[in-house]
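Notes to accompany the following structure.
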Amino acid sequence: MMIDREARKLLFETVARRVIESAEELTDLDRAIGDGDHGANMRRGFEAVLASVDELSAKNLGESLKGVGTTLVMKVGGASGPLYGTLFMSLGKSLADDVTQEQIAEAFAAAIEAVKARGKSDVGQKTMLDVLFPVLGVLRESGAGLPLRLKATAREAAERTVPMRAIRGRASFLGDRSIGHMDPGARSSELIVDAVADVMEGFA
Amino acid sequence: MKKLINAAESVLSESLAGFCAAHSDIVRMGEQAPFVLRRNLIPGKVALISGGGSGHEPLHSGFVGYGMLDAACPGQVFTSPTPDLILAAAEAADTGGGVLFIVKNYEGDVMNFDMAREMCGKPAEAVITDDDVAVETSTFSTGRRGVAGTLIVEKILGAAAEEGRDLAALKALGDRVNAATRSIGIALTSCTVPAAGKPTFDIAEDEMEVGVGIHGEPGRRRVKLRPAAEIAAEMVHAITADLGERARGEAMLVINGFGATPLSELYLMYEAVRRLLEPAGSIIVRSLVGNFVTSLDMAGCSATVSMLDEEMKRLWDAPVHTAALRWGM
């Protein structure tokens, strides 16, 4: 598929708007098991993406994804800035404008490894990785209805962080008290995947 | 929310402008970005730079000046500063001796300072502080938080840097001071982040949070409020049990308020904690009581015990001139 300038712009705008409009919900999730700043931080980062979306999407897909990543690193702060920044910067390393699903899956796999290395974390620790990893599984499958499968998988994966005990991140300081709440980073990852799937479906 | 602010978005910049103006004899605002820079930098001295989320004032900006930090990078409230701010501070503060970052052990801070260290292109090391005993250490977890013990590391390293020690020696000294230091905190209330507009957690009038951090994050346990002597006993037990045999000897005791507890209560807690430390073998020879590493408007306090040797004592006593700590000059 061809991800041209218009498609890139639509993609970045849709993702940014979804995160911005969900900021309050992310903050509420973070108040329960963190320090209540995830929504405000993510909103600041994606507002910066929105503000420079024309400039960002004018570059080819790889460079524009790196640009989004750098913007997030410099604007979000906290742990989310380096982690989401690393995710987007890594995605931008290998993707050309004309890409196959296999190439996207491989770039996504490399990006997940980069996030793991940056956060010294892994799957099963109640983090964004618990959404990203199942999403990678869907990207590696062939077949029809990819957007719907992405959405369903991301939603279920985020739900599965509720009973988990946090091992990384500020929620880990709570020990067992982190159980029973959805991880805010898992939720923000779900929102981003959901927004991307909306663009793929042509609903955005 | 009841706060002396104009708008939640501008609290940090307006507060920082006031800080730099009020202490213009000691610090100035960074030119390229909003960080706090020491006014009189010493050529060739290792630059000590700290930073982290705002809301812990006077940490870190209040510790910029002679005998302590060369620059501080304030992030948004309870949010790590971003690499661009840290890079700008490193560029401005480095006078040829390299840069030592003092970073509290939170993933956001560690990751953002790591990215800056990788990107800065100059000799740079980091001392990570993790003095909070409330968090159990595990190879699988984030590890202990850096809390009020950070100010002891910053003061002692600042004095050593002033003496002209090199980057490697300062990094080793910082790790040694951190390893000799333990803290535990309790909270009577939560705190309200201006951008959130409501308290981070709900707590009843007759409850307290044990093992609390400095970001309004809930602690390990919620218990009924008890008399100060019993609270002090629990805090001393947590610290001395963790120090083990190391608890015997000369020590410094810091009773640190979280922002909304009056000094009278802090001194009361100081006395209660000090009396209980002596039977455990910790002889308090240096003390500090006040609001130094705060959590906005949280009520409560932390106790920090740092086991001292002759060198640490001498460096603690060395002159310092910052907005929040000043003696010997």
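Protein chains in written order, with this note's numbering: chain X, 593 to 796; chain W, -3 to 325. Note that the Cβ used here is the ideal one computed from N, Cα and C, for glycine as well.
Only counting the same chain, and skipping five residues up and downstream in sequence, which positions put a Cβ closer than 6 Å to that of residue i?
{"i": "ARG244 of chain W", "result": "GLY277"}
{"i": "ASP105 of chain W", "result": "GLY48, SER76, VAL99"}
{"i": "LEU259 of chain W", "result": "none"}
{"i": "GLY142 of chain W", "result": "LYS100, ASN101, THR125, ASP126"}
{"i": "HIS773 of chain X", "result": "ALA624, ILE625"}
{"i": "ALA234 of chain W", "result": "VAL129, ILE180"}
{"i": "VAL7 of chain W", "result": "ILE1, PRO190"}
{"i": "LYS718 of chain X", "result": "THR753, MET756, ALA758, ASP775"}
{"i": "GLY324 of chain W", "result": "PRO315"}
{"i": "ASN174 of chain W", "result": "THR125, VAL149"}
{"i": "THR678 of chain X", "result": "ALA706, VAL707, ARG710"}
Terminal residues of the continuous beta strand (DSSP E) containing residue i?
{"i": "SER298 of chain W", "result": "296 to 303"}
{"i": "MET204 of chain W", "result": "203 to 206"}
{"i": "PHE97 of chain W", "result": "95 to 100"}
{"i": "HIS317 of chain W", "result": "316 to 318"}
{"i": "LYS220 of chain W", "result": "217 to 220"}
{"i": "SER11 of chain W", "result": "Premise fails: SER11 of chain W lies in the alpha helix (DSSP H), 7 to 18, not in any beta strand (DSSP E)."}
{"i": "MET25 of chain W", "result": "23 to 25"}
{"i": "LEU328 of chain W", "result": "Here chain W comprises residues numbered -3 to 325, so residue 328 of chain W is not present and cannot be evaluated."}
{"i": "ARG242 of chain W", "result": "Here ARG242 of chain W belongs to no beta strand (DSSP E), and DSSP marks it neither H nor E."}
{"i": "ALA122 of chain W", "result": "120 to 125"}
Measuring CA to CA, which of the options is closest to residue i?
{"i": "ASP162 of chain W", "options": "W:ARG271, W:LYS41, W:SER291, W:ARG34", "result": "W:LYS41"}
{"i": "VAL611 of chain X", "options": "X:ASN633, X:LYS601, X:ILE771", "result": "X:ASN633"}
{"i": "THR753 of chain X", "options": "X:ASP627, X:SER770, X:ARG741", "result": "X:SER770"}
{"i": "GLU613 of chain X", "options": "X:VAL715, X:LEU783, X:VAL723", "result": "X:LEU783"}
{"i": "GLN28 of chain W", "options": "W:ALA84, W:ALA224, W:GLY255", "result": "W:ALA84"}
{"i": "LEU55 of chain W", "options": "W:ALA200, W:ILE148, W:TYR263", "result": "W:ILE148"}
{"i": "GLY286 of chain W", "options": "W:GLU307, W:LEU264, W:ASP305, W:ILE280", "result": "W:LEU264"}
{"i": "GLU30 of chain W", "options": "W:THR185, W:ILE82, W:VAL123", "result": "The residue asked about is misnamed: residue 30 of chain W is Pro in this sequence, not Glu. Ranking the options by Cα distance to PRO30 of chain W, first place goes to W:ILE82."}
{"i": "MET107 of chain W", "options": "X:GLY659, X:ALA640, X:GLY673", "result": "X:GLY673"}
{"i": "ALA688 of chain X", "options": "X:THR663, X:LEU653, X:ARG710", "result": "X:LEU653"}
{"i": "GLY112 of chain W", "options": "X:VAL665, X:VAL715, X:GLN695, X:PHE725", "result": "For the sequence presented, residue 112 of chain W should be read as Ala rather than Gly. Nearest option by C-alpha distance: X:VAL665."}
For the alpha helix (DSSP H) containing residue i, name the first residue and the last one.
{"i": "ILE784 of chain X", "result": "776 to 793"}
{"i": "MET64 of chain W", "result": "Unbroken run through MET64 of chain W: none, as it is neither H nor E."}
{"i": "ASN108 of chain W", "result": "103 to 115"}
{"i": "GLY654 of chain X", "result": "653 to 668"}
{"i": "ARG592 of chain X", "result": "Beyond the ends of chain X as shown, which are 593 and 796, falls residue 592 of chain X; an answer cannot be given."}
{"i": "PRO2 of chain W", "result": "Position check: residue 2 of chain W holds Asn in this sequence, whereas Pro was assumed. Segment: none, ASN2 of chain W is in no alpha helix (DSSP H) and carries neither H nor E."}
{"i": "ASN174 of chain W", "result": "163 to 175"}
Using a Cβ-Cβ cutoff of less than 8 Å, which residues in the same chain neighbour residue i once the five nearest sequence positions on both sides are dropped?
{"i": "PHE136 of chain W", "result": "For PHE136 of chain W, the pLDDT reaches just 47, beneath the cut-off of 50, and the residue's location in the model is therefore unreliable, leaving the point undetermined."}
{"i": "SER656 of chain X", "result": "ARG600, PHE604, LEU648, SER649, ALA650, GLY684"}
{"i": "LEU37 of chain W", "result": "ALA43, ASP66, ALA89, THR91"}
{"i": "VAL60 of chain W", "result": "ILE22, VAL23, VAL32, LEU33, ARG34, ASP66, ALA67, ALA68, THR318, ALA319"}
{"i": "LEU766 of chain X", "result": "ILE625, ALA758"}
Chain X partners of residue i, CB-CB under 9 Å?
{"i": "VAL219 of chain W", "result": "Going along chain X, no residue has its Cβ under 9 Å from VAL219 of chain W, so there is no contact; the nearest lies around 13 Å."}
{"i": "ASN108 of chain W", "result": "VAL665, GLY669, GLY670, ALA671, GLY673, PRO674"}
{"i": "HIS211 of chain W", "result": "GLY626, ASP627, GLY628, ASP629, ARG762"}
{"i": "VAL131 of chain W", "result": "SER764, PHE765, GLY767"}
{"i": "GLY181 of chain W", "result": "Result: empty, since nearest Cβ-Cβ is about 11 Å, beyond 9 Å."}
{"i": "GLY10 of chain W", "result": "The question names Gly, yet the displayed sequence has Glu at residue 10 of chain W. What GLU10 of chain W touches in chain X: nothing, since even the nearest Cβ is about 17 Å away."}
Ordered along the chain, which non-local residues of its own chain (more than five positions away) have a Cβ less than 7 Å from that of residue i?
{"i": "LEU618 of chain X", "result": "HIS630, GLY631, MET634, PRO776, ARG779, SER780"}
{"i": "SER134 of chain W", "result": "The predicted position of SER134 of chain W is uncertain, since its pLDDT is 46 and thus under 50; a value taken from the coordinates is nonetheless stated next. Hits under 7 Å: none found."}
{"i": "GLN72 of chain W", "result": "LEU8, GLY49, SER50"}
{"i": "PHE288 of chain W", "result": "PRO54, LEU55, ALA144, LEU147, ASN252, ALA320"}
{"i": "GLY63 of chain W", "result": "GLY154, ALA155, GLU158, ALA314, PRO315, VAL316, HIS317"}
Given that residue i touches chain X, what residues does it touch there, using C-beta distances under 7 Å?
{"i": "HIS52 of chain W", "result": "In chain order: nothing, as chain X lies at least about 12 Å away."}
{"i": "THR196 of chain W", "result": "ARG623, ASP627, GLY628"}
{"i": "PRO214 of chain W", "result": "LEU766, ARG769"}
{"i": "THR138 of chain W", "result": "ARG760, GLY761, SER764"}
{"i": "VAL189 of chain W", "result": "GLY628, ASP629"}
{"i": "ARG141 of chain W", "result": "PHE765"}
Would the beta-carbon of residue i be found less than 7 Å away from any heavy atom of the ligand HEM?
{"i": "GLY654 of chain X", "result": "The ligand content of the structure shown is nil, which means the ligand HEM is not present either."}
Below 8 Å on C-beta distance, what does residue i contact in chain X?
{"i": "ALA192 of chain W", "result": "THR619, ARG623, GLY628, ASP629, ALA632"}
Practice prompt. Please name the residues in the segment 609 to 637 of chain X whose beta-carbon is closer than 7 Å to at least one beta-carbon of chain W, in chain order.
Written response: THR619, ARG623, GLY626, ASP627, GLY628, ASP629, ALA632, ASN633
Worksheet entry | Near-chain W residues of the segment 660 to 677 of chain X (beta-carbon distance less than 8 Å), N- to C-terminal order | VAL665, MET666, LYS667, VAL668, GLY669, GLY670, ALA671, SER672, GLY673, PRO674, LEU675
Worksheet entry | Contact residues within the segment 761 to 788 of chain X, judged by C-beta distance below 9 Å to chain W | GLY761, ARG762, ALA763, SER764, PHE765, LEU766, GLY767, ARG769
Worksheet item: the segment 697 to 720 of chain X: which residues have C-beta closer than 7 Å to a C-beta of chain W, in chain order?
Response: ARG710, GLY711
Practice prompt. Compile a chain-ordered list of the residues in the segment 69 to 99 of chain W whose CB is closer than 9 Å to at least one CB of chain X.
Written response: GLY71, GLN72, VAL73, PHE74, THR75, SER76, PRO77, THR78, PRO79, ASP80, LEU81
Fill in: Against chain X: residues of the segment 264 to 294 of chain W by CB proximity under 7 Å
none
Item to complete: Check each residue of the segment 110 to 125 of chain W: if its Cβ is closer than 9 Å to any Cβ of chain X, include it; give the result in chain order.
Response: ASP110, MET111
Discussion item. Can you pull out the residues from the segment 228 to 242 of chain W whose beta carbon lies closer than 7 Å to at least one beta carbon of chain X?
Written reply: none
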